[in-house]
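What follows is a set of notes on a single structure, which appears directly below.
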Amino acid sequence: AQTIHQWPVAEIKAVGSPLSLGCTIKGKSSPNLYWYWQATGGTLQQLFYSITVGQVESVVQLNLSASRPKDDQFILSTEKLLLSHSGFYLCAWSHGLGGATGQLYFGEGSKLTVL
Amino acid sequence: GDQVEQSPSALSLHEGTGSALRCNFTTTMRAVQWFQQNSRGSLINLFYLASGTKENGRLKSTFNSKESYSTLHIRDAQLEDSGTYFCAAGSNTGYQNFYFGKGTSLTVIP
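See below:
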């Protein structure tokens, strides 16, 4: 069975400090990977997606970047946090091109508070 | 504009009663997912539909791509059903760009 793990569970960071959030998928090779962001009380917005190692596409510009250093790992980062980065970050995966379905499977999320 | 319009934004149900949530789509969608977001923030998969109707216990969902809508019916509501429900619809296969609705906050009252 596939599992998806996000870290850290929660972070409190200062404005201007760096950030790195991670996501690991086990039990699934070559998944499509996604980062979503949710403001408190808001809906989910897709930030990035990746269909293969080393390749990441940006969907929404929020002064964040993403990388996929390994097939099973997706990293979200920034060198300088803004207050507007606060929220809940969710990593998700789906079967890759040619897969059975496009269903999204989400991790448990990382709560970020920027002060 | 929003590609997924979800209604109602909030809903209160007494235990044992039921209701329906709806999502309308402004473009042709190929698949829809329904999620329940719990108090921790985790998204629980409820349904994934490319067409037709699926049922799971007290929940039933329908997706009509031609008429551009999907519904989630809850019957015999229980306290643990409280939470925020999101629909998400995708217009492509393979790489999925799912557009999320704004959510329905459901409160089940004893």
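Protein sequences, first through last, are from chains D and L.
This note's numbering applies: residue 1 is where the first sequence begins, and numbers increase by one.
This note's numbering applies: residue 1 is where the second sequence begins, and numbers increase by one.
In this text, a Cβ means the ideal position worked out from N, Cα and C, and glycines have one as well.
The structure presented is a predicted model; accordingly, all values stated were derived computationally and were not measured.
Just to make sure I have the definition right: I need the residues of chain D whose C-beta is within less than 9 Å of the C-beta of residue i. Which are they?
i, result
"phenylalanine 63 (chain L)", "In chain order: nothing, as chain D lies at least about 13 Å away."
Under a three-way DSSP split, which group does residue i fall into?
i, result
"serine 84 (chain D)", "helix"
"glutamate 57 (chain D)", "strand"
"glutamate 108 (chain D)", "coil"
"glutamate 15 (chain L)", "coil"
"valine 79 (chain L)", "Sequence inspection shows leucine at residue 79 (chain L); the valine mentioned does not correspond to that position. Correct three-state label for leucine 79 (chain L): helix."
"arginine 40 (chain L)", "coil"
"valine 15 (chain D)", "coil"
"glutamate 67 (chain L)", "coil"
"arginine 58 (chain L)", "coil"
"leucine 62 (chain D)", "coil"
"proline 110 (chain L)", "coil"
"glutamate 5 (chain L)", "strand"
"proline 73 (chain L)", "Looking at the sequence itself, residue 73 (chain L) is histidine, so the reference to proline does not match. In this structure, histidine 73 (chain L) counts as strand in the three-state DSSP scheme."
"alanine 88 (chain L)", "strand"
"serine 30 (chain D)", "coil"
"glycine 99 (chain D)", "Low per-residue confidence applies at glycine 99 (chain D): pLDDT is 49, beneath 50, and the placement is therefore not dependable enough to give any value."
"asparagine 24 (chain L)", "strand"
"proline 69 (chain D)", "strand"
"valine 114 (chain D)", "strand"
"alanine 39 (chain D)", "coil"
"asparagine 97 (chain L)", "coil"
"glycine 103 (chain L)", "coil"
"glutamine 45 (chain D)", "strand"
Just the chain L side, please: which residues come within less than 8 Å of residue i by C-beta, in chain order?
i, result
"lysine 111 (chain D)", "Gly41"
"leucine 62 (chain D)", "Per Cβ cutoff of 8 Å: no residues; leucine 62 (chain D) is ~16 Å from chain L at best."
"glutamate 108 (chain D)", "Arg40, Gly41 and Ser42"
Can you pull the chain D neighbours of residue i, defined as C-beta to C-beta under 7 Å?
i, result
"asparagine 176 (chain L)", "An answer regarding residue 176 (chain L) cannot be provided, because it is not within the stretch 1 to 110 covered by chain L."
"lysine 54 (chain L)", "By Cβ distance, chain D contributes nothing, its closest Cβ being about 12 Å from lysine 54 (chain L), past 7 Å."
"glycine 103 (chain L)", "Thr43"
In chain L, which residues lie less than 9 Å from residue i when you measure between Cβ atoms?
i, result
"leucine 104 (chain D)", "Gln33, Phe35, Leu43, Asn45, Tyr48, Ala88, Gly90, Gln96 and Phe98"
"alanine 74 (chain D)", "In the sequence on display, residue 74 (chain D) carries phenylalanine and not alanine. Per Cβ cutoff of 9 Å: no residues; phenylalanine 74 (chain D) is ~14 Å from chain L at best."
"leucine 21 (chain D)", "Correct list: empty, because the minimum Cβ distance to chain L is about 14 Å."
"leucine 81 (chain D)", "Residues of chain L passing the Cβ test: none, with the nearest at roughly 19 Å."
"leucine 33 (chain D)", "None at all; the shortest Cβ gap to chain L is about 10 Å."
Check the Cβ of residue i against every Cβ in chain L and list those closer than 7 Å, keeping chain order.
i, result
"glutamate 11 (chain D)", "What glutamate 11 (chain D) touches in chain L: nothing, since even the nearest Cβ is about 14 Å away."
"leucine 115 (chain D)", "By Cβ distance, chain L contributes nothing, its closest Cβ being about 19 Å from leucine 115 (chain D), past 7 Å."
Am I right that residue i and residue j are in contact with their C-beta atoms under 8 Å? What's the rounded C-beta distance?
i, j, result
"glycine 22 (chain D)", "glutamine 6 (chain D)", "7 Å"
"leucine 44 (chain D)", "valine 59 (chain D)", "Their Cβ separation, rounded to whole angstroms, is 12 Å, which puts leucine 44 (chain D) and valine 59 (chain D) out of contact at 8 Å."
"glycine 42 (chain D)", "alanine 31 (chain L)", "Wrong, their Cβ atoms sit about 23 Å apart, outside the cutoff."
"glycine 83 (chain L)", "glutamine 37 (chain L)", "6 Å"
"lysine 70 (chain D)", "valine 53 (chain D)", "6 Å"
"threonine 71 (chain L)", "alanine 20 (chain L)", "5 Å"
### Message
Check whether the region 38-50 of chain D and the region 15-24 of chain L touch, using three or more Cβ-Cβ pairs below 8 Å as the test.
### Response
no
### Query
Do the region 14-33 of chain D and the region 66-79 of chain D make contact, defined as three or more Cβ pairs closer than 8 Å?
yes
### Message
I'd like to know if the region 75-82 of chain D and the region 8-28 of chain D are in contact, where contact means that at least 3 CB-CB pairs between them fall below 8 Å.
### Response
yes
### Task
Anything in the region 41-60 of chain D with a Cβ closer than 8 Å to a Cβ of chain L? List those residues in chain order, please.
Gly42, Thr43, Leu44, Gln45, Gln46, Tyr49, Ile51 and Val59
### Query
Using 8 Å as the Cβ pair cut-off and three pairs as the minimum, do the region 2-10 of chain L and the region 98-108 of chain L touch?
yes
### Query
For the 8 Å Cβ check, are there 3 or more pairs between the region 52-59 of chain L and the region 104-111 of chain D?
no
### Message
Three Cβ pairs or more, each shorter than 8 Å: is that satisfied between the region 74-82 of chain L and the region 85-92 of chain D?
### Response
no
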